[in-house]
């Protein structure tokens, strides 16, 4: 029987948890077990089909594990004997551990639509060989239908059209694409960009069944419309991969995630931790369980879990939820609550909006209009969230807001924010839209 | 005699102070007096000579004043009668005020080098007609010498070479260009980019005199070298424009700036405020006066001053000093203290460094390596400063650090930072270099 101090089950957040553990406990032996041979950058998966040109260009190198003296075993854990602290792998090997970390992630939801089992209907499994097959199959596809207009669906639609003579249709059940993530005005903007790119959007539309004999030939919508399709991608969402944890008698919580405390320790077993998509998350704002799966949250949790294994160092403040996407060249990002979400949790809010070119003067090359919307609590002026659309710099601008939210910064403080500005890199100091959006709210707060 | 509630003297920060006042005191009459007809974006001035193609493309529109019902008078204030609260303009007009704001900015230091008065030797006055003349003269220039290798000097060198058949030489007295602003490794990187662009760098070099009859023909260095020149630009630095304040009996402080408190109110007169380059600044870190002139600080101060005119709303927390520049396509930025500066004020520091491509996978288009260096106080783990080099997103990434510094964020907290990431916009969540730089310092803190 193999022995280790720390045993980590899983992929992306497993790597980060391992490195964090190595940093805090340099003398401990760390082993990562995962079933995937090659591990993909999860947020890069849509880009395999367009910009980067294949799954082989979207791989996380295992060198990170080696250079941190973390042993990697490519196999699947099938039994956890908590009493004896022994994990059994599929090939029969057993590993004794002191501390165990579940970083088993999530898997795609496959909706129970009749015909979903037909050939060329694909959910997005984070599996190299599977996604390679999808890549190869897509070469001859003429009519691609994507069911689901959330991030995955929209990013796939935008990428799959690139460099291909292909009709792409997105079928979304809600009135707008990205509606769970963005406020209405940003949804509208993103949809315009999709339409500009030649993508067919069918909103308020439900896929009722998938047509064809062995292989898909079309999608039938609830309203009777038939759409031609020789490939269907399912972008409905993901669910936590917690079957093994459940079988091991570990308590699950919200939406079948593993119940953990703010130290990322399971409620059930003091020597077992969990992080990433498989772990329960709580809102930074309300403390309630939330259903957010983001690589940025997963890696933050992994850093906390790895550091806390032998003595709690870090406390998880809850999921702020910060993300960004690009739709036909325009970036969209949110940190914290949208206006819709803030109102859903009962907040009285004050909204501030501002826009400005992301260079100054606006005549600098590649200048892009940036639009910022901030949401503040009316009674205390605290920043609850922000949404931004614009050019490449939006990816880091949203992180400015994440830092502000994490510190409960008020509109009054953001008015005094000292931002660096430069003609080629940012808006002008007079027009900097995060500050100007905050300025506009000041007269409406504390009243 | 004209009457107003609020009278603001000056340009860039005058506009921002006026808008801030308008927002907080909607009923007050606000007048801005400035001598410049057209006002330039100050940080955009070097870009007039390259990327934007002329001063007419680098103008702050006066529409901002109009839309905020702020009256603009293009004239120069010459006398302030504080006892009667009356300002006299050059054309003889008098204006009675309740509250007066000095936003008179700064002007270039003209070093006392023999020959500095010769034709085609230019300090950088923020004056449209003057800079237009420099633009026209530069058309026929073959040998441009820039005295001073700080931001202004380096940005002029990089811009003036663009689209011109011209030899550009930078003469810097210190051992490295940008040495007052950047740590050694970033100075070295910036210098490499300048040399790559074909710019001649003469460091450890002092301009002893400017040669020529009526018009400049060369620069003589202290070591006896003569450099050919048909134009010389002086990029030595700036000094506050506070002559009128001094004549009005207002107390000056450090480096002849107007002495103000944290409300931006002058020490001398409760109805007179100052903001921007003409106002005294104190370090966010030590509280000591500092000699930093940045548009971002100026506008933050202007927002504070404008809000505080009739009742203090905001308190200035001191200058963090956040800035960015671009050298031959690579961005360099600093927020807070560099390692050198932290050591100069006696801090024990722990340094964390990390680098990563600014996309993930690195094979995404236009991926640029981002290098991050963070400086933490050894005893308390608080972030004192950060330096970044990389691509366009550095301009906003440095603002993430500004927000972290403003909230005295510790390395432990940055380890848990929830950053949004996206393949086309940022580093990967595993490699995000701000977080990874903080992670690396954790074992060396609190010991």
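Residue numbers (the numbering used here), protein chains in the order written: chain A, 1 to 447; chain B, 1001 to 1447.
All residues carry an ideal CB built from backbone N, CA and C; glycine is no exception.
- prompt: Are residue 336 of chain A and residue 320 of chain A touching if we call contact CB-CB under 8 Å?
  reply: Looking up residue 336 of chain A in the first chain gives position 336. Looking up residue 320 of chain A in the first chain gives position 320. Yes, they are a contact pair.
task: Anything in chain B within Cβ reach of residue 325 of chain A, meaning under 8 Å, just list it in chain order.
output: As a working mapping, residue 325 of chain A is identified with position 325 in the first chain. Chain B residues near residue 325 of chain A: 1422.
field: Nearest residue (CA-CA) to residue 1362 of chain B, options B:1315, B:1083, B:1425
entry: Here the question's residue 1362 of chain B lines up with position 362 in the second chain. Measuring C-alpha to C-alpha distances from residue 1362 of chain B to each of B:1315, B:1083, B:1425 identifies B:1425 as the nearest.
field: Whether residue 1040 of chain B touches residue 1068 of chain B by CB criterion (8 Å)
entry: Translated into the one-based positions of the second chain, residue 1040 of chain B becomes position 40. Translated into the one-based positions of the second chain, residue 1068 of chain B becomes position 68. No, these two residues do not count as a Cβ contact at 8 Å.
task: Would you mind giving the Cβ-Cβ distance between residue 12 of chain A and residue 276 of chain A, rounded to the nearest angstrom? I have them listed as a contact below 8 Å.
output: In the first chain, residue 12 of chain A corresponds to position 12, counting from 1. In the first chain, residue 276 of chain A corresponds to position 276, counting from 1. Distance from residue 12 of chain A to residue 276 of chain A at the Cβ level is roughly 7 Å; contact confirmed, criterion being Cβ atoms closer than 8 Å.
- prompt: Of the residues that make up the stretch 1389-1404 of chain B, which ones have a beta carbon closer than 9 Å to any beta carbon in chain A?
  reply: Here the close residues are 1391, 1392, 1393, 1394, 1395, 1396, 1397, 1398, 1399, 1400, 1401, 1402, 1403, 1404.
message: Using beta carbons (cut-off 8 Å, strictly below), is residue 1303 of chain B in contact with chain A?
response: Start at 1 with the first residue of the second chain, and residue 1303 of chain B comes out as number 303. Closer than 8 Å: yes.
- prompt: Just how far apart, CA to CA, sit residue 338 of chain A and residue 1400 of chain B?
  reply: As a working mapping, residue 338 of chain A is identified with position 338 in the first chain. As a working mapping, residue 1400 of chain B is identified with position 400 in the second chain. Near 20 Å, if we compare the C-alpha coordinates of residue 1400 of chain B and residue 338 of chain A.
query: Helix, strand or coil for residue 97 of chain A per DSSP?
result: By 1-based counting over the first chain, the position of residue 97 of chain A is 97. The answer is coil: DSSP assigns residue 97 of chain A none of H, G, I, E or B.
Bridge partners - residue 200 of chain A, DSSP secondary structure assignment: The residue given as residue 200 of chain A occupies position 200 in the first chain. Looking at the DSSP assignment, residue 200 of chain A forms a beta bridge with A:169.
message: If I measure Cβ to Cβ from residue 113 of chain A and keep anything under 8 Å in the same chain, skipping five residues before and after, which residues do I get?
response: Working through the first chain from its first residue, we reach residue 113 of chain A at position 113. Closer than 8 Å at Cβ, skipping near neighbours: 147, 207, 208, 209, 210.
field: Contact set for residue 423 of chain A: own chain, Cβ-Cβ below 8 Å, skip 5 residues either direction
entry: As a working note, residue 423 of chain A is residue 423 in the first chain. Here residue 423 of chain A has 359, 360, 361, 364 as same chain residues with Cβ atoms under 8 Å from its own Cβ, once five neighbours each way along the sequence are excluded.
query: Mind listing which residues of the stretch 1364-1386 of chain B have their C-beta closer than 7 Å to chain A's C-betas, in chain order?
result: Against chain A - using a Cβ distance shorter than 7 Å - the residues of the stretch 1364-1386 of chain B are 1364, 1365.
Secondary structure of residue 250 of chain A, DSSP reduced to three states: Start at 1 with the first residue of the first chain, and residue 250 of chain A comes out as number 250. Here residue 250 of chain A sits in coil by DSSP.
task: Note down, one range per segment and in chain order, each beta strand (DSSP E) of at least 3 residues found wholly within the stretch 85-158 of chain A.
output: For the stretch 85-158 of chain A, the continuous beta strand (DSSP E) assignments of 3+ residues that do not extend past its boundaries occur at 86-89, 94-96, 99-103, 106-108, 121-123, 143-147, in sequence order.
message: Would residue 1002 of chain B and residue 392 of chain A be called neighbours here (beta carbons separated by less than 8 Å)?
response: Numbered from its first residue, the second chain carries residue 1002 of chain B at position 2. Numbered from its first residue, the first chain carries residue 392 of chain A at position 392. Annotated as distal: residue 1002 of chain B and residue 392 of chain A, with beta-carbon spacing of 8 Å or more.
- request: Answer yes if the stretch 1305-1317 of chain B comes into contact with the stretch 1021-1031 of chain B, meaning at least three C-beta pairs across the two stretches below 8 Å, and no otherwise.
  value: Cβ pair count under 8 Å is three or more, so yes.
- prompt: Are the C-beta atoms of residue 1270 of chain B and some chain A residue less than 8 Å apart?
  reply: Counting from one through the second chain, the residue named residue 1270 of chain B turns up at place 270. Taking Cβ atoms only, chain A never reaches closer than 8 Å to residue 1270 of chain B, which makes this a no.
- prompt: For residue 1240 of chain B, does the count of other Cβ atoms within 10 angstroms reach 16, so buried, or fall short, so exposed?
  reply: Within the second chain, residue 1240 of chain B is the residue found at index 240, counting from 1. Buried.
message: Quick check: is the beta carbon of residue 1442 of chain B nearer than 8 Å to any beta carbon in chain A?
response: To locate residue 1442 of chain B, count along the second chain from 1; it is residue 442. For residue 1442 of chain B, the nearest beta carbon of chain A is closer than 8 Å to its own beta carbon.
query: Along chain A, which residues have their Cβ under 7 Å away from the Cβ of residue 1164 of chain B?
result: For this step, residue 1164 of chain B is matched to residue 164 along the second chain. The premise fails here: residue 1164 of chain B is roughly 17 Å from chain A at the closest Cβ pair, so nothing lies under 7 Å.
field: Enclosing alpha helix (DSSP H) for residue 1351 of chain B [first to last residue]
entry: Position 351 of the second chain, counted from the first residue, corresponds to residue 1351 of chain B. Taken as a continuous stretch (DSSP letters only), residue 1351 of chain B belongs to no alpha helix (DSSP H), being part of the beta strand (DSSP E) at 1349-1357.
task: May I ask which residues mark the beginning and end of the beta strand (DSSP E) holding residue 217 of chain A?
output: Position 217 of the first chain, counting from 1, holds the residue named residue 217 of chain A. That run of the beta strand (DSSP E) goes 216-221.
query: For the 8 Å Cβ check, are there 3 or more pairs between the stretch 1094-1109 of chain B and the stretch 1174-1189 of chain B?
result: No, they do not touch.
- prompt: Expressed to the nearest angstrom, what Euclidean distance is found between the alpha-carbon atoms of residue 80 of chain A and residue 143 of chain A?
  reply: Counting from 1 along the first chain, the entry for residue 80 of chain A is found at position 80. Counting from 1 along the first chain, the entry for residue 143 of chain A is found at position 143. In a straight line, the C-alpha of residue 80 of chain A is about 45 Å away from that of residue 143 of chain A.
task: Going by DSSP, name the residue or residues bridged to residue 226 of chain A.
output: Taking the first chain and counting its residues from 1, the one referred to as residue 226 of chain A is at position 226. Partner residues in the beta bridge of residue 226 of chain A, as assigned by DSSP, are A:220.
query: Cα separation between residue 293 of chain A and residue 407 of chain A?
result: For this step, residue 293 of chain A is matched to residue 293 along the first chain. For this step, residue 407 of chain A is matched to residue 407 along the first chain. Annotation: residue 293 of chain A to residue 407 of chain A spans about 22 Å, alpha carbon to alpha carbon.
message: Quick check on the DSSP output: the alpha helix (DSSP H) that includes residue 1448 of chain B runs from which residue to which?
response: Nothing about residue 1448 of chain B can be read from this structure; chain B reaches only from 1001 to 1447.
- prompt: With a cut-off of 8 Å, does the C-beta of residue 1407 of chain B fall near any C-beta of chain A?
  reply: Taking the second chain and counting its residues from 1, the one referred to as residue 1407 of chain B is at position 407. Residue 1407 of chain B counts as touching chain A.
message: Tell me the DSSP secondary structure of residue 1208 of chain B in three-state form.
response: By 1-based counting over the second chain, the position of residue 1208 of chain B is 208. Annotated three-state conformation of residue 1208 of chain B is strand, per DSSP.
query: Does residue 1282 of chain B get closer than 8 Å to chain A when you measure Cβ to Cβ?
result: Within the second chain, residue 1282 of chain B is the residue found at index 282, counting from 1. Closer than 8 Å to the CB of residue 1282 of chain B there is not a single CB belonging to chain A.
task: Using a cut-off of 7 Å between C-beta atoms, extract the partners of residue 1263 of chain B located in chain A.
output: Stepping through the second chain from its first residue, residue 1263 of chain B is reached at position 263. By Cβ distance, chain A contributes nothing, its closest Cβ being about 12 Å from residue 1263 of chain B, past 7 Å.
- request: Using the Cα positions of residue 1052 of chain B and residue 1161 of chain B, report the straight-line distance between them to the nearest angstrom.
  value: Position 52 of the second chain holds residue 1052 of chain B. Position 161 of the second chain holds residue 1161 of chain B. Straight-line Cα distance between these residues: approximately 13 Å.
- request: Name, please, each residue of chain B whose Cβ falls closer than 7 Å to the Cβ of residue 296 of chain A.
  value: Counting from one through the first chain, the residue named residue 296 of chain A turns up at place 296. Near residue 296 of chain A (Cβ distances below 7 Å), the residues of chain B are 1418, 1419, 1420, 1421, 1429.
field: Runs of beta strand (DSSP E) wholly within the stretch 1254-1337 of chain B (minimum 3 residues, chain order)
entry: You should have 1272-1274, 1322-1327, 1330-1336.
query: What do you reckon, are the CB atoms on residue 1369 of chain B and residue 1438 of chain B nearer than 8 Å?
result: In the second chain, counting from the first residue as 1, residue 1369 of chain B sits at position 369. In the second chain, counting from the first residue as 1, residue 1438 of chain B sits at position 438. Cβ atoms of residue 1369 of chain B and residue 1438 of chain B: not closer than 8 Å.
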